[in-house]
Amino acid sequence: MNKLNFKLHRMSAVCLVLLIAAIGFQSCKKTRSDISKALYGETNNKAFKDLQSDTFAVVLKKRLEAKRSTLNNPKLISAFYEQNEYEPVLVLKHLPEGKLKLLVDYFNNAPAHGLDPEMFKTSALTTLIGKFYDKGAIKSKEEAYQSLADLEIMAANSLINYSNAMQFGVISPRKIYARYYTETKRPDSTSMQQVFMLTDLKTYLDSIQPKDPQYLALQKALSSGFKDPKMSAEETQRVLTVNLERLRWKNKPSEDKYVLVNIADYRLDVIENGKSVLDMKVVVGEGRNKTFTDNLATYDEHDLKKDRPFSRETPQLNSLIHSVQVNPVWNIPQSIATNEITKSAAADPYYLSNNNIDVYKDGKIIEDTETIDWSAPDAGKVYAFKQRPGLDNALGKIKFLFKNQSSVYLHDTPAKAGFTRAERALSHGCVRVEKPLDLAHALFGDGSKFDLIKKNMESNNPEATDLALPKKVPVYLTYFTAWADPSGALQFRKDVYGLDIVLYTHLQRLSGK
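Heads up, the sequence shown is in the working numbering, so the first residue is 1 and it goes up one at a time.
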C-alpha cells in the first residue's frame, strides 16, 4: 500500500470512529420534553405557546439558586433537577387534568391533622396555579419561564414537606426536648425523592394518611370540634394537635410484647399482641408544671432552643429490660446525697444508721460516720452513699434494669401512699410501680426464676440477688396527654411536664404565628 492510500485509509477509519461516537452520544442524550406543547395544551394560555426547553433549563437553575434559602431540603431538590436536565417534572406530570389543584385540596385539609395549610405554602401555590389558567396574568415569555420555574420549585418543596409531615411528623422530638432518648426515624433522601417519581398523585396522598386507630380517633375529634368538659375548646384543640404530631413520629413499639409507661397518665401497661395484659399505677418524676397553669402559655426564644426540664423529670426513652435485682442496694445519686442525705445526717446523727445507709470514701466503707461534718457544702460529693436491702430501702424489694442515659429504672417502693394520689409526679426520676411482683411475673413467666424472686422478696433476711430475664423485653417511657381508650372514649391528662406547651409553640412558629 503506497503512502497516499495508507493516509486515506487511516483518515477514513478516524472519521468512522468519530461518526460512531457522535451517533452514540446523540442516542445517549436524553430527549427534552416539549414543555410548550404540554402547557399550552392544558391551559390554552398563549404565554406558554413557544417556550424552549433549553432556555427553561437555564431559568430553572437560576431560580433554584435564588430560592435556595426558602427550601427545606435545597441540596436534595437541586441535585434532582441537575440530574434530570432541569425539566419541570412535577408540573408536566401533575398540572394536566387538575392534579396540582388536587394537591392544594390536600394541603387545605391540613387542619384535620392539626397543621396549618400555610406550612405548605398553600395560598402562594393556589395563586400561582391560577396564573397558568388566567390568559391575562402572564404577559411575556420571560414571565412564563419564571412562573413555570417557581411553580415547579414550590410544588417540589411543598409536596416533600407534606409527605414528610404525614409519614414522620413535622418536628423531630429529639431537637426540641432536652430529655428525649427515644429513637425516632426521620425522612431520608430515598423517602423524599420518591415524590418526583409519582404517577398517581391521589393514590399516593391517600396512602400517606396515617392509619393508626389512635390517630384516626384524635383526628375525628379535632375535625368535629370536640371539646373536653374540663377544658376550653381552644385547650382541647391544642391537646389534640400536639398528640396527633406525637402519633406521626416514627418511634412506636412494633414488638409483640413490651412494657409501656405513659408518664402523663402515671400508668404502666404490659402489652402483648396489641392488648394490655397487665396495668398498674406508677409514680414518676416531679415536673416543672406543678400548678398546671395556663396550658396555652409559650416559651421565650431561649427556651425554644431547648426545653428546660425540672431536674427530677422522668425522661422519654426506649430500651430493653434485661434483668432485675431482688432486694436491691440503692446507690444514692450525688444530687440526692447533696440535697437530702447530708442535710438529714447533719440534723440527726442517727439518720444514716436508722435508714441502713452505708458511707464510703474512695471505695472504702467508713465505720464511724458520726464524726463527719455533714454540714460541709461538699460532703455529698466527697462521700458516696449506699442503702442496704430492707423494708426501708427506697427501691423496695425489686428493681427492673434497662440501659439508658439517665440511670433510671422501674422499681418497687416502701412509700405506697403515693399510689393513692391522683397526681403522681413525686419521684426523683425513676418510675415506682404499684404491683412489682405482678410485673416480674409478666416478664419472667412461671418457673424457677420467678419462684426465686417471690421467695426472696418475702424473705426476712434480704440479700441482693441479680437475675437476668430469659428474653429481654422492650420498655417505652412515653408521654401522651390525649388518646382513645379501648371503648373508644377520649381520655385527657394534665400536662405535668409542660411538654405540650413546648411542642405546640414550635408548631405555631412553623406556621408563622
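Ideal Cβ positions, reconstructed from N, Cα and C, are used throughout, including at glycine.
Next on the checklist: Just to confirm my understanding: we take SER459, look at its own chain, exclude 5 residues before and 5 after, and list those with CB closer than 8 angstroms. What are they?
Outcome noted: Residue mapping note: residue 459 aligns to position 459 of the sequence shown, counting from 1. Answer for SER459: ASN327, listed in chain order.
Checklist entry - Can you tell me the Cα-Cα spacing of LEU391 and GLU463, whole angstroms? => result Locating residue 391 in the sequence shown gives position 391, counting from the first residue. Locating residue 463 in the sequence shown gives position 463, counting from the first residue. Approximately 12 angstroms between the Cα atoms of the pair.
Next on the checklist: Just verifying my parser: in three-state terms, what is the DSSP assignment at THR465?
Outcome noted: As a position in the sequence shown, residue 465 is number 465, starting the count at 1. Of the three classes helix, strand and coil, the one that applies to THR465 here is strand, per DSSP.
Item to check | Own chain residues within Cβ distance below 6 angstroms of GLN508, not counting five before or after | outcome: The sequence position of residue 508 within the sequence shown is 508, counting from 1. There are no such residues.
Checklist entry - What do you reckon, are the CB atoms on ASP222 and LEU240 nearer than 8 angstroms? => result Within the sequence shown, residue 222 is the residue found at index 222, counting from 1. Within the sequence shown, residue 240 is the residue found at index 240, counting from 1. Going by the sequence as given, residue 222 is Leu instead of Asp. Yes. Within cutoff.
Next on the checklist: Rounded to the nearest angstrom, what separates LYS101 and VAL496 at their Cα positions?
Outcome noted: Sequence index remark: in the sequence shown, residue 101 carries index 101 (1-based). Sequence index remark: in the sequence shown, residue 496 carries index 496 (1-based). Looking at the two C-alpha atoms, the distance is approximately 43 angstroms.
Checklist entry - Between GLU245 and GLY169, which are expected to be in contact by the criterion C-beta below 8 angstroms, what is the C-beta distance as a whole number of angstroms? => result As a first step, residue 245 must be located in the sequence shown, where it is residue number 245. As a first step, residue 169 must be located in the sequence shown, where it is residue number 169. Yes, GLU245 and GLY169 are in contact; Cβ-Cβ is about 6 angstroms, under 8 angstroms.
Checklist entry - Which residue's Cα is closest to the Cα of GLY396: LYS403, ASP485 and ARG388? => result Looking up residue 396 in the sequence shown gives position 396. Comparing Cα-Cα distances from GLY396 to each of LYS403, ASP485 and ARG388, the minimum goes to ARG388.
Item to check | Distance, ALA394 Cα to ILE357 Cα | outcome: The residue given as residue 357 occupies position 357 in the sequence shown. The residue given as residue 394 occupies position 394 in the sequence shown. Cα-Cα distance, rounded: 11 angstroms.
Next on the checklist: Would ARG493 and ALA217 qualify as a contact pair, given that the criterion is a beta-carbon distance under 8 angstroms?
Outcome noted: Translated into the one-based positions of the sequence shown, residue 493 becomes position 493. Translated into the one-based positions of the sequence shown, residue 217 becomes position 217. Their beta carbons are not under 8 angstroms apart, which means ARG493 does not touch ALA217 by this criterion.
Next on the checklist: Counting beta carbon pairs with one atom in the stretch 199-219 and one in the stretch 438-454, are three or more of them shorter than 8 angstroms?
Outcome noted: Flag = no, the stretch 438-454 and the stretch 199-219 do not touch.
Checklist entry - ASN404 to ASP212, Cα distance in whole Å? => result Taking the sequence shown and counting its residues from 1, the one referred to as residue 404 is at position 404. Taking the sequence shown and counting its residues from 1, the one referred to as residue 212 is at position 212. Those two C-alpha atoms are separated by around 28 angstroms.
Item to check | Nearest-angstrom Cβ-Cβ length linking ILE77 and SER53, presumed shorter than 8 angstroms | outcome: Indexing the sequence shown from 1 puts residue 77 at position 77. Indexing the sequence shown from 1 puts residue 53 at position 53. Incorrect: roughly 19 angstroms between the Cβ atoms, too far for contact.
Checklist entry - Between SER344 and ASP188, what straight-line distance do the alpha-carbon atoms span, to the nearest angstrom? => result If you number the sequence shown from 1, residue 344 lands on position 344. If you number the sequence shown from 1, residue 188 lands on position 188. Those two C-alpha atoms are separated by around 53 angstroms.
Next on the checklist: Three or more C-beta pairs under 8 angstroms: does that hold for the stretch 124-131 against the stretch 179-197?
Outcome noted: No: fewer than three Cβ pairs fall under 8 angstroms.
Item to check | Residue environment, GLY274, which counts as buried when at least 16 other CB atoms sit within 10 Å | outcome: Along the sequence shown, one-based indexing puts residue 274 at 274. Under this definition GLY274 is an exposed residue.
Next on the checklist: Here's a check: name, in chain order, each residue in its chain whose Cβ is nearer than 7 angstroms to the Cβ of HIS428, leaving out the five neighbours to either side.
Outcome noted: What you label residue 428 is simply residue 428 of the sequence shown in a count that begins at 1. Answer for HIS428: GLY285, ARG312 and ILE336, listed in chain order.
Item to check | Same chain, Cβ closer than 8 angstroms to LYS361, neighbours up to 5 away in sequence not counted | outcome: Mapped onto the sequence shown, residue 361 falls at position 361. Once the five neighbours on either side are set aside, the close Cβ partners of LYS361 are VAL382, TYR383 and ALA384.
Item to check | Identity of the residues DSSP links to TRP330 by a beta bridge | outcome: The residue you call residue 330 lines up with position 330 of the sequence shown. According to DSSP, TRP330 bridges with GLN387.
Checklist entry - Do the stretch 39-46 and the stretch 132-152 touch if we need at least three Cβ pairs shorter than 8 angstroms? => result Contact between the stretch 39-46 and the stretch 132-152 is present, because at least three Cβ pairs lie under 8 angstroms.
Item to check | Those runs of the beta strand (DSSP E) which lie wholly inside the stretch 95-157 and span at least 3 residues | outcome: none
Item to check | GLN26 (DSSP reduced to helix, strand or coil) | outcome: As a first step, residue 26 is located in the sequence shown; it is residue number 26 there, counting from the start. Reliability of the predicted coordinates at GLN26 is poor, the pLDDT of 40 falling under 50, and no value is obtained from them.
Item to check | Uninterrupted alpha helix (DSSP H) stretches inside the stretch 305-381 (no shorter than 4 residues) | outcome: 342-347 and 351-354
Checklist entry - So GLN219 is in the alpha helix (DSSP H); what residue range does that whole segment cover? => result Translated into the one-based positions of the sequence shown, residue 219 becomes position 219. Start and end: 213-223.
Item to check | ILE280 to ALA346 span [Cα, whole Å] | outcome: The sequence position of residue 280 within the sequence shown is 280, counting from 1. The sequence position of residue 346 within the sequence shown is 346, counting from 1. Looking at the sequence provided, one finds Met at residue 280 rather than Ile. The alpha-carbon atoms of MET280 and ALA346 are separated by roughly 38 angstroms.
Checklist entry - Hey, LEU469 and PHE444: beta-carbon distance below 8 angstroms or not? => result Position 469 of the sequence shown, counted from the first residue, corresponds to residue 469. Position 444 of the sequence shown, counted from the first residue, corresponds to residue 444. Yes, the pair counts as a contact, with Cβ atoms nearer than the cut-off.
Checklist entry - In terms of alpha-carbon separation, which member of PRO333, LYS61 and VAL282 lies closest to TYR81? => result Here residue 81 corresponds to residue number 81 of the sequence shown, with the count starting at 1. The residue with the shortest Cα to Cα distance from TYR81 is LYS61.
Checklist entry - Between the Cα of VAL59 and the Cα atoms of PRO111, TYR86 and PRO474, which residue gives the shortest distance? => result For this step, residue 59 is matched to residue 59 along the sequence shown. Comparing Cα positions, the closest option is TYR86.
Next on the checklist: Does PHE400 come out as helix, strand or coil in the three-state DSSP assignment?
Outcome noted: Mapped onto the sequence shown, residue 400 falls at position 400. In this structure, PHE400 counts as strand in the three-state DSSP scheme.
Checklist entry - So who's on the other strand from VAL431, going by DSSP bridges? => result Within the sequence shown, residue 431 is the residue found at index 431, counting from 1. Within the DSSP bridge table, the entry for VAL431 names LEU410 as partners.
Checklist entry - Should LYS343 be listed as close to the ligand ADP, given that the test is whether its C-beta is under 7 angstroms from any heavy atom? => result Absent from the structure shown: the ligand ADP. Ligands present: none.
Checklist entry - To the nearest angstrom, how far is it from the Cα of LYS185 to the Cα of ASN251? => result Along the sequence shown, one-based indexing puts residue 185 at 185. Along the sequence shown, one-based indexing puts residue 251 at 251. If you take the alpha carbons of LYS185 and ASN251, they lie about 7 angstroms apart.
Item to check | Continuous alpha helix (DSSP H) assignments of at least 4 residues falling wholly in the stretch 222-264 | outcome: 233-248
Checklist entry - Looking at the unbroken beta strand (DSSP E) that takes in TYR271, where does it start and where does it end? => result The residue given as residue 271 occupies position 271 in the sequence shown. Checking the sequence shown, residue 271 turns out to be Ile, not Tyr. For ILE271, the enclosing beta strand (DSSP E) covers residues 267-272.
Checklist entry - Taking the continuous alpha helix (DSSP H) assigned at ALA415, which residues delimit it? => result Numbered from its first residue, the sequence shown carries residue 415 at position 415. Counting along the chain, ALA415 falls outside any alpha helix (DSSP H), and DSSP gives it neither H nor E.
Checklist entry - Name the DSSP bridge partner or partners of PRO474? => result Position 474 of the sequence shown, counted from the start, is the residue given in the question as residue 474. Paired residue(s): LEU320.
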